[in-house]
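Q: So the sequence shown is numbered by our numbering: it starts at 43 and just counts up by one.
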Amino acid sequence: MVAFPLLVDRDCGAVAAIQASLRASLANPGPVALWGLIVAAGLAIGSLPLLAGLAVVLPVLGNATRHLYRALVEPGEARIARR
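#1: Roughly how many angstroms separate the alpha carbons of A82 and V115, rounded to a whole number?
#2: Suppose contacts are defined by Cβ-Cβ distances below 8 Å. Is I87 in contact with V99 by that definition?
#3: Do V50 and A66 come within 8 Å of each other at the CB atom, strictly closer than that value?
#4: Might you give, ordered along the chain, the residues of its own chain that have their beta carbon closer than 6 Å to the beta carbon of I60, omitting 5 neighbours on each side?
#5: Got a sec? Which residues, its chain only, sit under 6 Å from G95 by beta carbon, not counting five neighbours each side?
Written out as structure tokens, the structure is:
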């Protein structure tokens with residue numbers, strides 16, 4: 043959930059990013075499940091109009107994911123994910 047944004051934002055390896063994502067997911071199972079449903083529904087709705095709706099849905103989901111990443115990965119916690 044936060045592995046790719048963490049790789050882009052911080053200098054860490056893939057394994058550390060995946061571990062941070064798993065820790066965030068296990069610490070917040072309800073919001074993570076809700077976010078998964080929102081993403082699935084948004085992608086399904088965006089795919090209906092001959093995939094043209096994805097031009098709107100993907101940037102919105104990307105921006106929302108960035109905000110979710112910022113809320114879950116505090117600056118002090120990012121030191122844990124470093125190599």
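Ideal Cβ placement from N, Cα and C applies to all residues, glycine included. Note that the coordinates shown come from a computational prediction; the quantities given were computed from them, not determined experimentally.
A: Checking against the coordinates, here is how it stands:
#1: Cα-Cα distance, rounded: 23 Å.
#2: V99 sits close to I87, with the two beta carbons spaced by under 8 Å.
#3: 8 Å or more divides the Cβ of A66 from the Cβ of V50.
#4: If the five residues before and after I60 are omitted, its C-beta is found closer than 6 Å to the C-beta atoms of A45, all from its own chain and listed in chain order.
#5: The beta carbon of G95 is closer than 6 Å to those of G88 in its chain, skipping five residues each way along the sequence.
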